[in-house]
Structures are given as C-alpha cells and as structure tokens.
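Residue numbers (my numbering), protein chains in the order written: chain A, 16 to 182; chain B, 6 to 171.
Ideal Cβ placement from N, Cα and C applies to all residues, glycine included.
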C-alpha cells in the first residue's frame, strides 16, 4: 500500500506543471546538478580539513576550535543549497530518487554525517579546547574523524549511484 | 589520425571491460566525482584566500603549502579516472562539444596557475593579510574559481549529451 501510494505520488508530482517545465527545459537539470556538486565539494573539503586537523596532519599550529570555526560554516551554509537543489532534482524526476533505495541510503548517511559534525562542533562551544585537553579526548576526536570520512565518501558515491540503480 | 588513435584506445581490453561491464563505469565515476570535489574544494580554499574572503589571518604561502598537496593528489585521481571513462567511449567523447570545452577550460586553468606561479606570486611571503594581496593575485583567484565552476558544468553537460545514465 505504502509502495503503491509512493508510486502514485511520484507519478502525480511528475505530472505537475513545475516538474513538466523542468523536464522540458534541457539546461535546468545539468545546471542544478552543477550547483549541487559545487556545494558537495564545499562540504566534503571542509569536513576533510577539520578531520585532518583532528588527526594532526594539517593546520597543527592552530587550535581545533579555530579550524572548526573557519571550515564548519561552509558545511552548514551548503546544506540549504544542497536541499534546495536536491529538491528541485526530485521534482524534476520524482521516481528517480523517491523509488530508489540508494537515495534513502544517501539520506541515512547524510543524517549520520550531520550528527558527527555536530558531535565535533557542539562541545567546542562550551570549551574551545575540549578536544585537546587530554590524550583520551584527542583520540576520541580522531576516532570521530576516521568514522566521519567514510560517511561523506559514501554520500558522494551514493549520489552517483542513484543514476544507475532503479527502484 | 586522431580518430584511429581513439579507436585503438577504445578497443583496448581495459576500455572494453569498462564499456561492457555494468558496474565498472559507475564506480570509476564515483571516484572521479569524489576526486573533483576535493580538487575544486581545495582550490577554492586557496582562491578565496587570494581574493581575501577567508583565512585572512594566515599568509597565502601558508595556506597554499597546506592545501596544494591535497589538490594535486586529488587531481591525479580525477585525471586517472577521467582517462579510464574517456577510454571506454573515446570516439564519442572525443567528438563531444562539452568534452572539448571541458578540456579547453582545464588548459586555461593550467595556464592561469602557471602565470600565477611564474609572475603573480612574487612577494607571496609578505601577503599575510587580505590587504596585502595585490590585485593581480585577486584576479588570478577569481579567474581560477570561474574556470573550475565551468569545468564542473561542462563535465555535467557531457553526461547529458552522451547516451549514458545521468
């Protein structure tokens, strides 16, 4: 039943005039995907820069809080862009995403990655040296960094696989 | 001459395997996209510093030393995966307008970088604040950002003008 109603929702959405307009204007989808990829680049690179600081491979002469303050806004400001461009792509081709298991895998990975970014950032608000006060904290931060990278990579990979897997 | 070269490339066993398999191409494309996000993301870190938008409390030389090794590693990955995808349908890609535009933009980005290294970044050790970044460096940063944006767009347009999943 749920599957059936999702199917009819996709069909309905695809028949609406905004969806029809996007489908018949050739440049909208590639242009939207371009903006989407650029925003992904901002997010993935920012996450990598923070993680490299937590590993002590880059920006070692700066505090973790300083590096996070510099790069984390790019993650948060890119998310609305990603949601807007992603939503536009769904309106254009609803079934391509909403009836695709890879799309839901991508969303699950995204939630995980957001949670880990918050877990890194929030403690720094109360104590800017939170991740540096003890060897145990430093290790904890490195474990988090090591776990978050596969999530971001998975999001990129899943994003591309949406095009190849059909629901 | 070029055509027969592309045909030879297309008939190599690697190219045939990528073309005829159902999972090789998507996986290579995944790595290509991951690599290019790191290329343009890390270049943007440098460009935004050159323009004077971010990392203003750090010298340009410090930022480029930290970031450019990541850029070059990712660029190597993007070139390798790009060549693999190209080989799978070399004649089709070779005659695709957007593929040609993308290659031209890559050459321009390379020239922009060469000009920056040879002429623009003289005195880079003194650029510790945004105010000390000379106009020529800001222009190089802005040109670089625009070119890479164009490269991503052209790459996406290749997908929509060649008969492949998008």
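Contacts of residue 165/B in chain A (Cβ-Cβ under 8 Å):
Taking the first residue of the second chain as position 1, residue 165/B is located at position 160. What residue 165/B touches in chain A: 41, 44 and 45.
With distances taken from CA atoms, which of 140/B, 125/B, 123/B and 111/B is nearest residue 153/B?
Along the second chain, one-based indexing puts residue 153/B at 148. Comparing Cα-Cα distances from residue 153/B to each of 140/B, 125/B, 123/B and 111/B, the minimum goes to 111/B.
Chain-ordered chain A contacts of residue 34/B [CB-CB under 7 Å]:
Numbered from 1 along the second chain, position 29 holds the residue referred to as residue 34/B. The answer, in chain order, is 175.
If you draw a straight line from the C-alpha of residue 22/B to the C-alpha of residue 121/A, how long is it?
Walking along the second chain from the start, residue 22/B turns up at place 17. Walking along the first chain from the start, residue 121/A turns up at place 106. Residue 22/B and residue 121/A: Cα-Cα distance of roughly 28 Å.
Which residues of the segment 163 to 174 of chain A have a Cβ closer than 8 Å to any Cβ of chain B? Give them in chain order.
Across the segment 163 to 174 of chain A, CB contacts with chain B closer than 8 Å involve 168, 171, 172 and 174, in sequence order along the chain.
Buried or exposed (CB count within 10 angstroms, at least 16 for buried), residue 58/B:
Position 53 of the second chain, counted from the start, is the residue given in the question as residue 58/B. Taking a 10 Å sphere around the C-beta of residue 58/B, we find fewer than 16 other C-beta atoms and assign the residue as exposed.
Would you mind telling me which residues of chain A sit closer than 7 Å to residue 138/B, beta carbon to beta carbon, in chain order?
Locating residue 138/B in the second chain gives position 133, counting from the first residue. For the C-beta of residue 138/B, not a single chain A residue is nearer than 7 Å; the gap to the nearest is close to 17 Å.
Which residue from 54/A, 33/A, 40/A and 45/A puts its Cα closest to that of residue 163/B?
Indexing the second chain from 1 puts residue 163/B at position 158. Nearest C-alpha to residue 163/B: 45/A.
Amino acids of chain B, ordered along the chain, whose beta-carbon sits closer than 8 Å to that of residue 74/A
Start at 1 with the first residue of the first chain, and residue 74/A comes out as number 59. Chain-ordered, the chain B residues with CB closer than 8 Å to the CB of residue 74/A read 71.
Span of the alpha helix (DSSP H) holding residue 90/A?
Translated into positions along the first chain, residue 90/A becomes position 75. Going by DSSP, residue 90/A is part of the alpha helix (DSSP H) stretching over 79 to 107.
Can you give the beta carbon distance from residue 9/A to residue 42/B, rounded, assuming they're within the 8 Å contact cut?
Given that chain A is displayed from residue 16 to residue 182, the structure contains no residue 9/A and the question cannot be resolved.
Report the rounded CA-to-CA distance for residue 10/B versus residue 35/B, giving the unit in angstroms.
To locate residue 10/B, count along the second chain from 1; it is residue 5. To locate residue 35/B, count along the second chain from 1; it is residue 30. Distance between the alpha carbons of residue 10/B and residue 35/B is about 27 Å.
Alpha helix (DSSP H) containing residue 67/B: first to last residue?
Counting from one through the second chain, the residue named residue 67/B turns up at place 62. Looking at the DSSP string, the run of the alpha helix (DSSP H) that includes residue 67/B is 65 to 93.
What residues in the segment 44 to 65 of chain A bring their beta carbon closer than 8 Å to a beta carbon of chain B?
Those residues of the segment 44 to 65 of chain A that come within reach of chain B (Cβ to Cβ, closer than 8 Å) are 44, 45, 46, 48, 49, 52, 53, 55, 56, 57, 59, 60, 61, 63 and 64.
Alpha-carbon spacing of residue 42/A relative to residue 174/A, whole angstroms:
To locate residue 42/A, count along the first chain from 1; it is residue 27. To locate residue 174/A, count along the first chain from 1; it is residue 159. Going by the C-alpha atoms only, they are around 20 Å apart.
In chain order, what residues of the same chain lie with their CB nearer than 7 Å to the CB of residue 129/B, ignoring the 5 residues before and after it?
Here residue 129/B refers to the residue found at position 124 when the second chain is read from its first residue. Only 65 and 66 meet the Cβ criterion.
When we look at the beta-carbon of residue 25/A and count the other beta-carbons within 10 Å, is it buried (16 or more) or exposed?
By one-based count along the first chain, residue 25/A stands at place 10. By the 10 Å Cβ count, residue 25/A comes out buried.
I'd like to know if residue 46/B contacts chain A, where contact means its C-beta is closer than 8 Å to some C-beta of that chain.
Working through the second chain from its first residue, we reach residue 46/B at position 41. Using beta-carbon distances, residue 46/B counts as an interface residue toward chain A, with a partner under 8 Å.
Report the residue from 141/B, 167/B and 100/B whose alpha carbon sits nearest the alpha carbon of residue 120/B.
For the purposes of this step, residue 120/B is taken as residue 115 along the second chain, with counting starting at 1. Nearest Cα to residue 120/B within the set 141/B, 167/B and 100/B: 141/B.
Quick one: give me the first and last residue of the alpha helix (DSSP H) that residue 150/A is part of.
Mapped onto the first chain, residue 150/A falls at position 135. Per DSSP, residue 150/A is one residue of the alpha helix (DSSP H) stretching across 150 to 176.
Beta-carbon gap between residue 14/B and residue 20/B smaller than 8 Å:
If you number the second chain from 1, residue 14/B lands on position 9. If you number the second chain from 1, residue 20/B lands on position 15. Between residue 14/B and residue 20/B, the CB-CB gap stays under 8 Å.
Residues of its chain near residue 181/A, where Cβ-Cβ distance is below 6 Å and the 5 sequence neighbours each way are ignored
Position 166 of the first chain, counting from 1, holds the residue named residue 181/A. So the list is empty, once near-sequence residues are dropped.
In terms of residue numbering, what span does the alpha helix (DSSP H) encompassing residue 25/B cover?
For the purposes of this step, residue 25/B is taken as residue 20 along the second chain, with counting starting at 1. Bounds of the alpha helix (DSSP H) holding residue 25/B are 18 to 25.
Which residues, taken in chain order from the segment 84 to 101 of chain A, show a beta carbon closer than 9 Å to some beta carbon of chain B?
Result list: 85, 86 and 89.
According to DSSP, is residue 62/B part of a helix, a strand, or is it coil?
In the second chain, the residue the question calls residue 62/B occupies position 57. Note: residue 62/B maps to coil in three-state DSSP.
Judging by CA-CA distance, which residue of 156/B, 69/B and 94/B is the nearest neighbour of residue 113/B?
To locate residue 113/B, count along the second chain from 1; it is residue 108. Cα-wise, what sits closest to residue 113/B is 156/B.
Please state whether DSSP places residue 72/A in a helix, a strand or coil.
Counting from 1 along the first chain, the entry for residue 72/A is found at position 57. Three-state DSSP puts residue 72/A in coil, outside helix and strand.
Alpha carbon to alpha carbon, how far is residue 67/A from residue 139/A? Give it in angstroms, no decimals.
Counted from its first residue, the first chain places residue 139/A at position 124. Counted from its first residue, the first chain places residue 67/A at position 52. Whole-angstrom Cα-Cα distance: 17 Å.
Rounded separation between residue 119/A and residue 113/A - CA only:
Looking up residue 119/A in the first chain gives position 104. Looking up residue 113/A in the first chain gives position 98. The alpha-carbon atoms of residue 119/A and residue 113/A are separated by roughly 8 Å.
Would you kindly check if the distance between the Cβ of residue 149/B and the Cβ of residue 62/B is under 8 Å?
Numbered from its first residue, the second chain carries residue 62/B at position 57. Numbered from its first residue, the second chain carries residue 149/B at position 144. With respect to the 8 Å criterion, residue 62/B and residue 149/B are not classified as neighbours on the basis of their beta carbons.
Run through chain A and tell me which residues come within less than 9 Å of residue 86/B, C-beta to C-beta.
Sequence index remark: in the second chain, residue 86/B carries index 81 (1-based). Residues of chain A with a Cβ closer than 9 Å to the Cβ of residue 86/B do not exist, since the nearest Cβ in that chain sits about 12 Å away.
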